[in-house]
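Numbering (UniProt numbering), first residue to last: 1 to 713.
Cβ atoms here follow ideal geometry from the backbone N, Cα and C, with glycine treated the same way.
What follows is the structure, encoded as C-alpha cells:
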C-alpha cells in the first residue's frame, strides 16, 4: 500500500536556504519531479511563511495584465503596502512605470519577502519576459523563486556570475532511496528496489511503483505511459514530438546522429529546445554535445513510436552505420544487433572485443556474444575466441574451455582480428595458458604461455605482458627461484607505460608478496599500495585483479603479523576464486587460512581449511612444489596436534577413519571387511558416506583429503 505524501525536510531546507539568500532562485525539472509539491511543503514549513507570496501560473498569465494582477494580489496577501498599488495598466509604456512603482514598494518593505512563481513555462511570451526582467533587475526586498519545466524566460548568466542566483534541479528534487522507501506502508520489495534504481529519483515514477510494489517498473507501463503521453508529448509541437519518436531507439544522442537517423535537420537545435522545454533529456558532457533520455521516458517513447508505426529497426541500422563511420564501433555493435544485422555486428565484435575487455567492459562483450545466433558464432573462430576471452575475464571458466575447443575446430573467417592479436591460434594459446593456470596445472600453463608468447611480436605488448604474468605466476608456484622477482619487476616496468593495468596490478601485488616473503616489508608495502591505487581504475578487469590483489594483500598481512586482515583477505580471495573456478588461488588461500588458524590455536578451523586445501589439491593436475610443500607443513602441524586422531579432528567417524587407513595400505574391500569384522556392504556404505562428506568421488582422493585434515598416514 502507498502511504500519503510525506514531508521532505532535506528539500525544504534547500529551498529555504536558497530562497532567502539569493535574489533569484530557479527550480527547473521535467514533469513529475515534485516541483509544486516541494514548493508547497517548503512554504508551509518555512519559519517566514508569512512572507512568502505564491502564484500558481496558468495559460491566462501569458497576458501581461493578468500576470501582474495575480502578482500584486499575492504580494498584497503578505504585505498591505502592495494593496495600495493601482491595477496594472494595459499599455506597455504605462506598465513599465507601474512596475517601477511596484519595485519601489518592495524596496520600502520592512523585511524581505519571496515571490514564488510556479509553472513559469506558461508565461514565456516577449511582453511578460521583458517586464519580469525589470522586476529582477530592480533593487527591492522582493526575492524571486521561479519554478517550472523550462528555464525561466529571463537572462540568468549575469545573476549567476554575481552569485545572486540559486539553481535547484533534478538532483535536489529527486527522491533519495530512503525517501522512495518511505512511500511504502511496509518493507520494500525486490521489484521496488529495482524501481528506485531505474527511476533515477523521478518522484512520479516512484509513486506509480509504490502503488504496485510487486511489479517491475517500466516506462511503457500503462500508468506511466499515459502520464508521459498526456503531460509531455501532448504539450509539445508536432515537429519535436516526431523527433522524439524517431530517436526513441538511441541510447546516446547528438545533433548529427539524430539528423542521420531521422533524415531531418537541426538535430542539435532540437535537442537544445527539448532540454529547455524540460523534456527528459540528460546532458552527458559539459559542452552539451551528447545527451541521453531518462531510461523510463525512453521506454515510454518506444511504445509511442511503435504505436505510431516508426520503423525502429531502420533507426538502429542508421545509428549503427553512423557510429561505424565516426569511429565508434562499440556503440555501433548494439545498434546493428538490434537491427538484426548480426553479420556486420560480428565483424565489429571480432575486431574490437579485446579493446573493450582491456578497459573492463566484460559484461558488454558477453552481452554482444549472447545475441549472436549459435550457427554464426560456431562458424567463426574469431567470435568463439571473443567468447572465450570475455568468459575468462568474467571467471566463467567452464564456458572458456568449451569456446576454446569450438574455436580450435571452427573455420577462421577472413576479416579483422582484435587489436594486438596476430592470429586466432595465438589467442587460443593464450586462452589455454590462462585456463591451465587457473585450474592448477603449472606445467601446462608454462607450455601454453611460452607458445603464445612466441606468436606475439613486440608490438603485441598487452598480450605479451599477459603471457609474462602467467609465466611469472607459474614460476612462483613451481618453487623457490631467483628469477621470479626479476620477472615480476620486468612486468610492472613494461606494463606501466603501456597502461596495461591488469598486468600491472597482478605484477605489483605478486611482487609485494615475494618481497614480504624475503623480509623486505617496506618494499612490499610500497608495491601493494601502488597495486591498490589501480584496483578502482576502469582499466582493471575486476574479477581477475580482485582475486590476485586479495590473495597477495592477505599474504603480506600474514607476514606482517596482521592476522585479522590476513584472514579476511584470504577468505575473500577464496570466495572469489571458487566463484571463478580458479583452483590454484582458492588452494593458496585455503592454505593461508589453515596456517593462520593453526597459529591462533584453532585446530578445528585449521582442519576444515586443510581439508578444503586437500580437496582442491586433488583437483589440481600440477599445482607446483610450493603449494605441496605448504600443504605438507600444515598436515605435519595438524598431525602433532591431533596425536594420530583417527577421526582427523571430527572430519570423519573413527570407523570411517579406520577404513580410510586400510584403503591407504592397499587392502581390498574384502580384506578391510575381514580386518574390521564387518560386511563388505558396510565397507561400501561407509566409503560412500566419506565421499559425500569430503566432497570427492574417488577413494584415493578421500584418503588425500583425510590426511590433509590431520588423519594419520
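- Between the alpha carbons of residue 349 and residue 398 lies a gap of roughly 22 Å.
- Contact between residue 598 and residue 634 holds: their C-beta atoms lie close to 7 Å from each other, under 8 Å.
- At a Cβ-Cβ threshold of 7 Å, residue 146 and residue 26 count as neighbours.
- The way I'd put it, the segment 583-593 doesn't touch the segment 652-668; fewer than three beta-carbon pairs between them come closer than 8 Å.
- Per the DSSP secondary-structure output, residue 269 pairs with nothing in a beta bridge.
- Here residue 162 is exposed: its Cβ has fewer than 16 other Cβ atoms, across all protein chains shown, within 10 Å.
- Distance from the CA atom of residue 112 to the CA atom of residue 156, rounded to whole angstroms, is 21 Å.
- Collapsing the DSSP output to three states places residue 55 in a strand.
- Inter-residue distance for residue 472 and residue 487 is about 6 Å (C-alpha atoms, whole angstroms).
- Distance from the CA atom of residue 340 to the CA atom of residue 202, rounded to whole angstroms, is 33 Å.
- Counting along the chain, the unbroken beta strand (DSSP E) around residue 118 starts and ends at 113-118.
- Between residue 69 and residue 88, the beta carbon gap of about 6 Å places them in contact (Cβ cut-off 8 Å).
- Ranked by how close their Cα comes to the Cα of residue 296, the residues 32, 285 and 545 have 32 in first place.
- DSSP places residue 25 in the strand class (E or B) of the three-state scheme.
- Boundaries cannot be given for residue 652, as no alpha helix (DSSP H) includes it and DSSP labels it neither H nor E.
- Just measuring C-alpha positions, the residue of 485, 484, 483 and 504 sitting nearest residue 492 is 504.
- A straight-line Cα-Cα distance of about 14 Å links residue 605 and residue 639.
- Apart from the 5 residues on each side of it in sequence, residue 393 sits with its Cβ closer than 7 Å to the Cβ of 357, 362, 541, 543 and 544 in its chain, given in chain order.
- Residue 256 counts as exposed, since fewer than 16 other C-beta atoms from the protein chains shown sit within 10 angstroms of its C-beta.
- Between residue 576 and residue 546, the beta carbon gap of about 6 Å places them in contact (Cβ cut-off 8 Å).
- Taking a cut-off of 8 Å on C-beta distances, the segment 551-567 touches the segment 504-517, as three or more cross pairs fall below it.
- If you draw a straight line from the Cα of residue 172 to the Cα of residue 275, it is about 18 Å long.
- Per DSSP, reduced to three states, the secondary structure at residue 139 is coil, with no helix or strand assignment.
- At the C-beta level, residue 346 and residue 336 stay beyond 7 Å of one another.
- Here residue 401 has 435 as same chain residues with Cβ atoms under 7 Å from its own Cβ, once five neighbours each way along the sequence are excluded.
- Listed in chain order, the non-local C-beta contacts of residue 74 below 8 Å within the same chain comprise 53, 54, 55 and 115, local neighbours out to five positions each way being set aside.
- For residue 408, the uninterrupted alpha helix (DSSP H) segment begins and ends at 397-409.
- As a beta-bridge residue in DSSP terms, residue 293 pairs with 281.
- In the DSSP assignment, residue 166 falls within the beta strand (DSSP E) that extends over 165-168.
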